[in-house]
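Chains as they are written, first to last, in our numbering: chain A, 1359 to 1639; chain B, 1359 to 1639; chain C, 1359 to 1639; chain D, 1359 to 1639. Heads up, the thing below is written out as C-alpha cells.
4 protein chains.
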Amino acid sequence: MGLLVVSCVDGPGIVSKITTFLHRRAANIVQSDQYSTGPRGGRFFLRIVFHLPGLATELAGLERGFGEEVAGPLRADFQLRDASVPIRVALFASRYDHCLLDLLWRTRRGELPIEVVQVVSNHADLASDVAAFGVPFEHIPMSQATKADAESRQLELLRGRVDLVVLARYMQILSGDFLNAVGVPVINIHHSFLPAFAGAGPYERAKERGVKLIGATAHYATEDLDEGPIIEQDVVRVSHRVTARELAQRGADIERTVLARAVAWHAEGRVLVNGRTTIIF
Amino acid sequence: MGLLVVSCVDGPGIVSKITTFLHRRAANIVQSDQYSTGPRGGRFFLRIVFHLPGLATELAGLERGFGEEVAGPLRADFQLRDASVPIRVALFASRYDHCLLDLLWRTRRGELPIEVVQVVSNHADLASDVAAFGVPFEHIPMSQATKADAESRQLELLRGRVDLVVLARYMQILSGDFLNAVGVPVINIHHSFLPAFAGAGPYERAKERGVKLIGATAHYATEDLDEGPIIEQDVVRVSHRVTARELAQRGADIERTVLARAVAWHAEGRVLVNGRTTIIF
Amino acid sequence: MGLLVVSCVDGPGIVSKITTFLHRRAANIVQSDQYSTGPRGGRFFLRIVFHLPGLATELAGLERGFGEEVAGPLRADFQLRDASVPIRVALFASRYDHCLLDLLWRTRRGELPIEVVQVVSNHADLASDVAAFGVPFEHIPMSQATKADAESRQLELLRGRVDLVVLARYMQILSGDFLNAVGVPVINIHHSFLPAFAGAGPYERAKERGVKLIGATAHYATEDLDEGPIIEQDVVRVSHRVTARELAQRGADIERTVLARAVAWHAEGRVLVNGRTTIIF
Amino acid sequence: MGLLVVSCVDGPGIVSKITTFLHRRAANIVQSDQYSTGPRGGRFFLRIVFHLPGLATELAGLERGFGEEVAGPLRADFQLRDASVPIRVALFASRYDHCLLDLLWRTRRGELPIEVVQVVSNHADLASDVAAFGVPFEHIPMSQATKADAESRQLELLRGRVDLVVLARYMQILSGDFLNAVGVPVINIHHSFLPAFAGAGPYERAKERGVKLIGATAHYATEDLDEGPIIEQDVVRVSHRVTARELAQRGADIERTVLARAVAWHAEGRVLVNGRTTIIF
C-alpha cells in the first residue's frame, strides 16, 4: 500500500487535484481522511492510503510527479511512501524498562510498523534486556559536564539511520541543539495529572493531593520540553488506598500504552502536526 | 453549510468525480471523511461538509445535478442537505424519564441539531414534563390486544412530519410492520453488559453475576430488535457495594449519554450504515 | 439505618472499642470501611452503616454515649446520624443550567439522599426552571462593588437551614469570609485538563493546545479556590474535530456527572477529609 | 504485615469479636474492609491487614487461636497469613505471549506479590522467552486423545507446589476433573464484548457486528468455563477503521492489564468469593 500525507493552506479544489493525480496514475484510494481548520485561510490536511500495482518501482517517479504537478503549485508539504516499509526508529531510555520493553515486544510481535535500529541509554542497566531482542544497545553516559559531547556521540550514532527518535522514559532533557540537529521527529512520554504537577516527584505530589485519576501524555518533543504537540493521552483511576509506589506502577502502565499508540499512529502516518496541535486520522 | 453523504461500490476515481462536481459548482469543502471496506469490490463511504454561498436557493438544483451527473452513473446512495436545518424528530417514551428529558434539555440548549416535533408515550406520566418544553405530547396506550391499532395511530401522527424516531427507553417492541411503514430510521438504546444479559431484569441479573462494568448500546432498530447496526457504546465501572437499584441509576446515566451522542451523530450525518455495522465519521 | 463516621489519630484497639460500643447498644453493623494512613502515628478513618430498631428515638442518646465513652477518650472527630434523613442543601448557580438541573432532577428521582432547600443565583435566568421543581429560588445580583453585601444576604438566607452548599457552576469566587461564616462544607466543580489550564477560556485554550482528554474535578472549596481536597474526577475523550464550543458541551456532560457523584458520596458520608486529600469509602 | 480474610453468616458482634481477638494478641490493624450482603441472614466479609512484631514466629499460634476462639464459634471460613510471603503461582499458556510475558515481567519488577514457580504450555514456542526469566518451563502437548494423560502430568507437576494457577491465554479447556483435583483457585482471562460473543473467532465476529468497545473479563475458572465469579473487567474503544487483526491487538492490551490486576488482587487477598460474585476490597 502507498501512503500519501499532505498539508497546505486550504482553498477550493485541493482534494480534486490530488485524487485526480492519483486516479491518472492508476492508484486506487483505499482509505482517505481529510480535515480543514476552516473554509477560508485555514489549513488543509489529508491522508490517503492507496493501492498501486508495482508501487516499489513506481514510487520515485510518483513522488517526483506529485511534487511537480500538485504539491509545488499548492505550496504543500507532503510525504509519499510505501506503507509496507517499516520506519527506522531509535529508542532512548535510562533505567526504567516499562516503555522500552513494551515497544520492543510489540515490534517483535508485528504490532508496530517500525524497525528498532538502535537503543541508546545513559545507563548500562538495560543492556542485556535489549540484547535479547537482537537490537544494538549503546551506552552513552551523560553528566552535566559531558552533555554536549554525549549528544554529539548520539547524533553521530544516528546520522542517516533513523526516521524517528522515541524517548522511552529517557530521564535527560535533550538540548535545543540536539533537537535541531537530529533532523527527525522526537516523541516523548510525560506523566500528566488532573490537576497537573510539573517538576520532580510527580507521583508523590499526586498522592499528597489525593488525585483520583493519573494519566500520561505522548507528544512531540520541542525545546520547551513538555509543550510540544500532543499525540495521545489517557488516564487510569486510582483510590486513596493506592500508595505513591503503586501510583508509579499504574502510571507506568498508562505511560507504556499511550506511548505505544503514539508510536504506532506516527509510524502509520496518522499524526499530522498543525502548529501546537495535532490532527489524528 | 451543506452536507453530502455518499455510499456506493468502491472503485477508482470516485472521490475525484465527487470533488470535481463540487468544485465546479463553487462549493468549498470544509471537512471530508472517506472510508472504504477494501480496494476491490468493497464499499465506499464519504461525508463532506461544504460551504456554498446561497446554498438555500441552490440546494434543489445541486441535488438534481449530483443525482444525474455523479450518483446515477455510480449507482450511489446519497443525501444532500442544508446542515443548518435541524432534522425533525419524534421521541417515544414510556415511564422512565432520563433519556427523554436529557434529549429535550440538550435540544433546548442548542447541543443537538434537531427539532423535537412530537413525543409519543404509552403512558401519561411524562405529559407535564414534556409540556414544559412546549413539545406536543401524545398518549397512545398500548396493550397486546390494541397494539396494531395503537401503532396505526402512531404512524398517522408521524406521517410526513419526522426524519427520525428515537426510542428513549420506550418499553414496547415495535412490530416489523411499524418499522417498514414509518419510513425513517429508528434509534434505540439498550442496556448492555459484559457478559451480556438478554431478557427481563438485566440489572438484577448483572448484580447476581457480580459484573464490574455496566454499559449501554445505541443502535438502529431492526425487526430483530437488539441486533441492528451499533452506533455508540459506553460503560461505567461499578463495585460489589452498588445495589441493583443503584446499578439501574448508573445504567440510566450511561444510557442517556450514549443515546444523546448517537442522536447527535445521526443528525449531523456522521453515521453511515454498512450492512450490520456502522461507519462513524 | 444509622451512619457513623469517625476519624482520629491511629493506635491499637480503636475498631474494637467502636464496634464493642455498637454491639452493646444492640446495633448491627451492615457495612463498614476502615482506612489508616499508617500503623504508627497515622490517622484512622472509619465509616459504619448500622441497623438499630427504634433509631430515631435512640439517636440523641447514642450520640451522647458515643461522645462520652468512645470519641472523648480517643479525641476523635465523629458524626452520627440517621442515614434515612436527607441532608439539607443549597445550590448556587449562575447562568449555566447543566449542573443545577441535573442535581434537581436526580433529587426528584430519589437518586440523591438530599433535600434541596434553596437555590441562589446571581442571575435571574434559571428562576422558572427551578420553580418547576418547587424549590425556592433567590436572585442575589452581585458586582465587585456589592459583593460583601450580597454575600451577607446569602449567609442570612442560609443560616441554620443547610448542611451543605454546592456550587453548581456558580461563576463567582466566594470570599474567605463567606467560607468561614457559612459553617458547612462547600463543594465546587472545576473543569480540569491534561495538562491543566488555569484562568479564563479554558476550553478555548484546550482547543489551541490540542488536548485529547477533557475532564472535571469536584472538590471542597477552600480560600485557595481550586486547591481544596479532591472528591472525584473524570475525563472524556475528544478529537481534533471537536470545536471549542463542542468541547464545552462535552465538558458540561462530565461536569454534571462528576458533581452528582461527589454530592451523593458526601451526602452518604462516604467522603472523609484528610488534610489536603480525601478518603472515599 | 499480617493478612486476615474472613467470611461467615452475618450477625451481631462479629467485627467486635475479631478485632478484640487481634487487639489482645497485640496486633495493630492497619487497614480493614468489611462488607455484608444484608443485615439479617446475609453473608459477612472482612479483610484486615495488621502489624504484629515477630509475626513470622507467632503466625502458627495466631492461626490456631483464631480458629478455636473466633472462627470455630462463628463457623467462619478464614485465611491468616504473612502478607510479605509471596504466593506460589503456575502460569499456563499456549502460543500467545502477551499475558504470560506481562505477568513474568511484572513479577520481576516486584509489582506482584507472587513467585512464579512453573510455566506449563501445550506448545514449545514460548520456552526461551520463559527461560530468560529463570522460570521452569514444561512443555506438555495436548490433543483430544491425550487430554486425560496430559492433565495428569500437569497435576503431578504442580502437586503441593502452587497456591494459584493462572490461565494466561491457555487455549485448552480444563476438565472438571482437573479443576477438582488441582485444589487451588484457577484464574482465567476471557475476551468479552458488548454485546458478548461466545465461541470461535470472537474478534472477527465483533468486527462484523461493528462493536465500538472491546473488553476482557478475568474470572475464577469453574466447570462452566466462562461463568465463574468475575474478578475484573475493562474495555477499550475501537472504531470502524480498526481491522479484525488490530482488534485482537487492542484486545491483547486489555487482556494483559485486566489479568494482571486480577492476579495482584487475588495475591493480596482482596478478592472474596460470594457464590457467583466477588467482593473486591
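Just so it is clear, CB atoms sit at the ideal spot from N, CA and C, and this is done for glycine as well.
Start and end residues, beta strand (DSSP E) containing Val1447 of chain C: Here the beta strand (DSSP E) through Val1447 of chain C covers Ile1445 to Ala1451.
Please confirm if Gln1591 of chain B has its CB atom under 7 Å from at least one CB of chain C. So no, Gln1591 of chain B is outside the interface.
Note down, in chain order, every chain A residue with its Cβ under 7 Å from the Cβ of Pro1370 of chain B. Listed by position along chain A, the residues whose Cβ is nearer than 7 Å to that of Pro1370 of chain B are His1381 and Asn1386.
Just curious, the beta strand (DSSP E) that Glu1416 of chain B is in, first and last residue? No beta strand (DSSP E) contains Glu1416 of chain B, which is instead part of the alpha helix (DSSP H) from Leu1413 to Phe1424.
Judging by CA-CA distance, which residue of D:Val1373, D:Leu1380 and D:Val1367 is the nearest neighbour of Thr1378 of chain C? The residue with the shortest Cα to Cα distance from Thr1378 of chain C is D:Val1373.
According to the neighbour-count rule (16 or more other Cβ atoms, all chains shown, within 10 Å of its Cβ), is Ala1414 of chain B buried or exposed? Within 10 angstroms of the beta-carbon of Ala1414 of chain B lie fewer than 16 other beta-carbons, which makes it exposed.
Does any residue of chain A bring its CB to less than 7 Å from the CB of Val1373 of chain B? Interface residue, yes.
Beta-bridge pairing of Asn1632 of chain C - partner residues as DSSP gives them: Answer by DSSP bridge pairing, in chain order: C:Thr1635.
For a contact defined as C-beta to C-beta under 9 Å, what are the partners of Val1569 of chain B on chain D? Thr1575, Ile1588, Gln1591 and Thr1635, listed in chain order.
Taking 7 Å as the CB-CB cut-off, is His1549 of chain B touching chain D? Not an interface residue.
Are three or more beta carbon pairs between the stretch 1381-1388 of chain A and the stretch 1453-1470 of chain A nearer than 8 Å? These segments do not touch.
Please identify the residue among A:Ala1622, A:Ile1589, A:His1598 and A:Thr1636 whose C-alpha is closest to the C-alpha of Phe1402 of chain C. Nearest option by C-alpha distance: A:His1598.
Using a Cβ-Cβ distance under 7 Å, would Thr1378 of chain C count as near chain D? Closer than 7 Å to the CB of Thr1378 of chain C there is at least one CB belonging to chain D.
What are the partner residues of Arg1401 of chain A, as DSSP defines its beta bridges? Partner(s): A:Val1367.
Residues in the stretch 1596-1618 of chain D having any Cβ partner in chain A nearer than 7 Å: Sequence-ordered contacts of the stretch 1596-1618 of chain D with chain A read Gln1607, Asp1611 and Thr1615 [C-beta pairs closer than 7 Å].
Since Ile1638 of chain A and Trp1623 of chain A are thought to touch, with beta carbons under 8 Å apart, how far apart are those beta carbons, to the nearest angstrom? That belief holds up - the Cβ atoms of Ile1638 of chain A and Trp1623 of chain A are roughly 6 Å apart, short of 8 Å.
Can you list, in chain order, the residues of its chain with a C-beta nearer than 6 Å to that of Gly1568 of chain A? Leave out the 5 residues immediately preceding and following it. Excluding the 5 residues flanking it on each side, Gly1568 of chain A has no same chain C-beta neighbour closer than 6 Å.
Can you name the start and end residues of the beta strand (DSSP E) that Asn1546 of chain D belongs to? That run of the beta strand (DSSP E) goes Val1544 to Phe1551.
Cβ shell of Gly1474 of chain C (< 8 Å), same chain only, five flanking positions each side left out: What sits at residue 1474 of chain C in the sequence shown is Val, not Gly. Excluding positions up to five away in sequence, the list reads Val1447, Ala1448, Leu1449, Leu1461, Leu1462, Thr1465, Phe1491 and Val1493.
Residue range of the beta strand (DSSP E) that includes Thr1575 of chain A: Element bounds for Thr1575 of chain A: Leu1571 to Tyr1578.
For His1481 of chain B, which of helix, strand or coil comes out of DSSP? In the three-state reduction of the DSSP assignment, His1481 of chain B falls in the coil class, being assigned neither a helical nor a strand state.
Are Leu1361 of chain B and Val1407 of chain B touching if we call contact CB-CB under 7 Å? Inclusion of Leu1361 of chain B and Val1407 of chain B in the CB contact set at 7 Å is warranted, their separation being smaller than that value.
Compile a chain-ordered list of the residues in the stretch 1437-1471 of chain C whose CB is closer than 8 Å to at least one CB of chain B. With the criterion set as a beta carbon lying under 8 Å from some beta carbon of chain B, the members of the stretch 1437-1471 of chain C are Asp1455, His1456, Leu1459, Trp1463, Arg1467 and Glu1469, in sequence order.
Measure the beta-carbon distance from Cys1366 of chain A to Arg1433 of chain A and round it to whole angstroms, keeping in mind my assumption that it falls under 8 Å. Indeed, because the Cβ distance is near 6 Å, the residues count as touching under 8 Å.
At 8 Å on the CB atoms, spell out the chain C contacts of Tyr1578 of chain A, in chain order. Simply none; closest approach about 11 Å.
Minimum Cβ-Cβ distance from Ala1490 of chain A to chain D less than 7 Å: Chain D, which has a Cβ nearer than 7 Å to the Cβ of Ala1490 of chain A, makes this yes.
Does any residue of chain D have a CB that is nearer than 7 Å to the CB of Gln1476 of chain C? Interface annotation, Gln1476 of chain C: not in contact with chain D, CB-CB separation never under 7 Å.
Measure the C-alpha to C-alpha separation of Gly1627 of chain D and Arg1405 of chain D and round it to an integer number of angstroms. Gly1627 of chain D and Arg1405 of chain D have their C-alpha atoms roughly 8 Å apart.
Return the CA-CA distance between Glu1496 of chain D and Val1524 of chain D, expressed in angstroms with no decimal places. Each residue's alpha carbon lies about 15 Å from the other.
Gln1392 of chain D CB to nearest chain C CB: under 7 Å? Chain C contact via Cβ: present.
At a CB-CB cut-off below 8 Å, which residues of chain B make contact with Gln1389 of chain A? Result: Gln1392, Tyr1393 and Ser1394.
Please classify Ala1610 of chain C as buried or exposed, where buried requires at least 16 other C-beta atoms within 10 Å of its C-beta. With 16 or more other Cβ atoms within 10 Å, it is buried.
Ignore the nearest five residues each way along the sequence and tell me which others in Glu1581 of chain B's own chain have a CB closer than 7 Å to its CB. Around Glu1581 of chain B: Gly1534 and Leu1537.
Report buried or exposed for Ala1418 of chain C, applying the criterion of at least 16 other Cβ atoms within 10 angstroms of its Cβ. By the C-beta density criterion, Ala1418 of chain C is exposed, having fewer than 16 other C-beta atoms within 10 angstroms.
Any idea if Val1443 of chain B is buried or exposed, counting beta-carbon neighbours within 10 angstroms, 16 or more meaning buried? Answer is exposed; the Cβ neighbour count stays below 16.
Let me know the secondary structure DSSP gives Ile1612 of chain B once reduced to three states. Ile1612 of chain B carries a helical assignment under DSSP once its states are collapsed to helix, strand and coil.
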